[in-house]
Each structure stands twice: as structure tokens, then as C-alpha cells.
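K.L.:
In full-length UniProt numbering, the protein residues as written are 1 to 248. We treat Cβ as the ideally placed atom computed from N, Cα and C, and that holds for glycine. None of the values given here were measured: they were computed from a predicted structure.
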Ligand SMILES: Nc1ncnc2c1ncn2[C@@H]1O[C@H](COP(=O)(O)OP(=O)(O)OP(=O)(O)O)[C@@H](O)[C@H]1O
């Protein structure tokens with residue numbers, strides 16, 4: 001379980017990233033942060049693996065303040081997949097996936113088996129892809145490798161920051177389905193950032209709507225649709241409704 005307790009964050013230049021966030025992220029669920037560009041979604045996500053530190057309040061994982069963990073070991077247990085996949089260009093697909101398992105000193109055979117398992121899981125045939133360089137992959141394939149790498153050392157928590165936003169709609173829909181299926185199989189705690197309400201409703205067990213650094217509303221898709229807290233939330237939902245979509 002991840003908890004944000006009265007969390008605020010001000011950047012060194014004075015920009016306010018977040019204000020007084022109180023939120024519980026349940027284990028084995030997909031929690032989605034959604035909001036407009038610059039609303040604070042990424043800042044909120046990065047406080048979980050301490051790529052940013054909160055300036056007020058507390059962020060806790062399993063009851064312990066994130067600042068009290070060994071930062072390196074904590075990060076090995078938190079997978080991170082982001083829009084610009086950032087595969088290491090001078091390493092092959094298999095080497096990219098093996099990074100954290102190697103840091104964790106897994107045996108070579110175990111890593112080897114794991115790479116095959118993960119590539120199969122994300123729909124990339126190991127024989128064909130293991131030895132490729134990132135420059136020999138399409139955008140969608142690279143995204144899949146990025147997801148495999150985030151899952152490699154079997155982390156309990158996976159952070160995903162707009163991992164599909166650079167993809168075409170069909171690849172994107174396939175990967176969204178993959179994440180949903182994966183979640184059903186492996187029961188990870190996934191925190192997912194998007195600015196797309198459709199994606200949020202498709203994936204999220206819990207959806208958190210962020211506006212100007214504040215958490216405006218959190219709840220299930222049904223709770224948000226049936227009881228939008230303010231005009232901003234209404235607008236977000238209405239935007240999709242206008243396109244003729246009806247949410248149950
Ligand atoms: N390193 C930084 N230094 C100063 N201000 C920053 C920094 N990073 C982000 N900000 C500011 O903090 C606020 C929140 O940014 P954040 O990246 O969390 O938004 P976001 O909701 O993820 O946006 P997007 O959807 O565009 O990625 C913005 O006003 C942004 O300008």
C-alpha cells in the first residue's frame with residue numbers, strides 16, 4: 001500500500017508541483033492519475049520512487065516513509081516505464097531487460113529464463129528480439145521492451161508514465177489490453193499516468209483527477225461518472241460523452 005499524507009511539493013525555483021495530497025493507493029490495483037498538462041501527475045508519480053522528494057507531508061510504502069528506505073534497493077522493487085522508453089542504446093534487448101536482475105545478483109540461468117518469459121509475455125518472440133539493438137525496434141516494440149524491463153525483477157510496484165502516448169491507436173489499444181491482462185495474471189500494484197480519460201476509465205480500478213497540483217477527486221470510474229465533484233471533472237467526462245460514448 002502507498003500512502004500520501006498531506007503531501008506538498010515545491011520545486012527549488014518556487015513552482016508549486018503539488019498541494020496537500022491525501023491518497024491511498026491499494027495493493028494489486030491499477031491507480032490512474034489523470035489531469036491536464038502541467039497539473040502535477042508526473043511529480044506525484046515520481047515521489048513514489050523518489051525521483052522527486054515531497055517538501056511537506058509524508059509518502060509511505062507499506063507504512064514506512066520512502067525517505068527511510070535504502071533508495072537503491074527501494075528502486076529495484078519499483079518498476080518504471082515511461083513515454084520516452086529510454087532503453088540503453090548500446091545494449092541489446094536482453095541486456096536492457098537484465099539490468100535490475102543483475103543488480104540484484106540473480107543467477108545467470110534465472111535471468112535467462114526470465115528474459116524469455118517476459119518477452120513472451122509482452123508478445124515479442126525471444127529468438128527474434130533478444131539480440132536486437134534498440135535502434136532495430138519499432139516504437140511499439142521498444143515500448144514493449146520497456147514494459148518487460150520494468151517488470152524484470154518482479155517488482156511489487158510498477159510506475160507507468162504515459163507509456164503509450166507516442167503510439168498509434170491500434171498498438172496503443174493492444175498494449176492497454178496487455179496491461180489489463182498482465183494485471184489480472186500478476187496482481188501488481190500499478191500506478192499509471194495519462195491525460196486520456198478513455199485510457200483512465202479502461203485501466204483504472206481507482207482514478208485520481210489532478211488539477212493545478214491538487215487531488216480533486218478519486219474513485220472508481222462509476223463513482224466519478226455518477227458523482228463528478230466539480231465542473232472541471234464534469235468537463236473531462238463530458239468531453240468523451242460528446243463523442244457519443246456512454247459509460248455504463
Ligand atoms: N524540474 C522542475 N522544476 C520546476 N518546475 C517544474 C519541474 N518539473 C515540473 N515542474 C512544474 O511542476 C508542475 C507539475 O508538473 P508535472 O510534470 O508533474 O505535470 P504533469 O501533469 O505530469 O504534466 P504533463 O502531462 O505535461 O507531463 C508544472 O507546473 C511544471 O511546470
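Give a single yes or no on whether residue 204 has its beta carbon closer than 7 Å to a heavy atom of ligand 1.
P.N.:
No; taking the cut-off as 7 Å, the Cβ of residue 204 has no heavy atom of ligand 1 nearer than that.
K.L.:
Pair every Cβ in the region 196-209 with every Cβ in the region 17-34, then say whether three or more of these pairs are closer than 8 Å.
P.N.:
Output reads yes: the region 17-34 touches the region 196-209.
K.L.:
Report the start-end ranges of each alpha helix (DSSP H) in the region 137-169 that is 4 residues or longer and not cut off at the edges.
P.N.:
Listed in chain order, they are 139-151.
K.L.:
Out of curiosity, what's the CA-to-CA distance linking residue 19 and residue 214?
P.N.:
Cα to Cα, the separation comes out at about 5 Å.
K.L.:
Just reading off the beta strand (DSSP E) that residue 261 is part of, what are its end residues?
P.N.:
Residue numbering for the chain in the displayed model covers 1 to 248; residue 261 lies beyond these limits and cannot be assessed.
K.L.:
What three-state label does DSSP hand residue 81 in the structure shown?
P.N.:
Three-state DSSP puts residue 81 in a strand.
K.L.:
Please work out which residues of its chain come closer than 8 Å, Cβ to Cβ, to residue 92, disregarding the five sequence neighbours upstream and downstream, and give them in chain order.
P.N.:
130, 131, 132 and 133.
K.L.:
Nearest to residue 114 by alpha carbon, out of 195, 50 and 145?
P.N.:
The candidate whose alpha carbon is nearest that of residue 114 is 145.
K.L.:
Given this structure, state the Cα-to-Cα distance separating residue 71 from residue 4, to the nearest angstrom.
P.N.:
Distance between the alpha carbons of residue 71 and residue 4: 18 Å.
K.L.:
If you follow the beta strand (DSSP E) that residue 59 is in, where does it begin and where does it stop?
P.N.:
Where residue 59 is concerned, the enclosing beta strand (DSSP E) stretches over 56-61.
K.L.:
How long is the line joining the alpha carbons of residue 161 and residue 67, rounded to whole angstroms?
P.N.:
C-alpha separation (whole angstroms): 22 Å.
K.L.:
In the DSSP assignment, the alpha helix (DSSP H) including residue 95 goes from what residue to what residue?
P.N.:
That run of the alpha helix (DSSP H) goes 93-103.
K.L.:
Exposed or buried, what is residue 40 when buried is set at 16 or more other beta-carbons lying within 10 Å of its beta-carbon?
P.N.:
By the neighbour-count rule (16 or more Cβ atoms within 10 Å), residue 40 is buried.
K.L.:
Smallest Cα separation from residue 61: which of 238, 51, 136 and 2?
P.N.:
The option with the nearest alpha carbon to residue 61 is 2.
K.L.:
Look at the alpha carbon of residue 190 and the alpha carbon of residue 159, and state the distance between them as a whole number of angstroms.
P.N.:
Each residue's alpha carbon lies about 6 Å from the other.
K.L.:
May I ask you to report which of helix, strand or coil DSSP gives residue 5?
P.N.:
Residue 5: strand per DSSP, three-state reduction.
K.L.:
Could you tell me the distance, in whole angstroms, from the CA atom of residue 172 to the CA atom of residue 22?
P.N.:
Going by the C-alpha atoms only, they are around 31 Å apart.
K.L.:
Is the closest heavy atom of ligand 1 to the C-beta of residue 8 under 7 Å?
P.N.:
Outside the cutoff, so no.
K.L.:
When you compare the CB positions of residue 57 and residue 7, do they come within less than 8 Å of one another, or not?
P.N.:
Contact flag set, yes.
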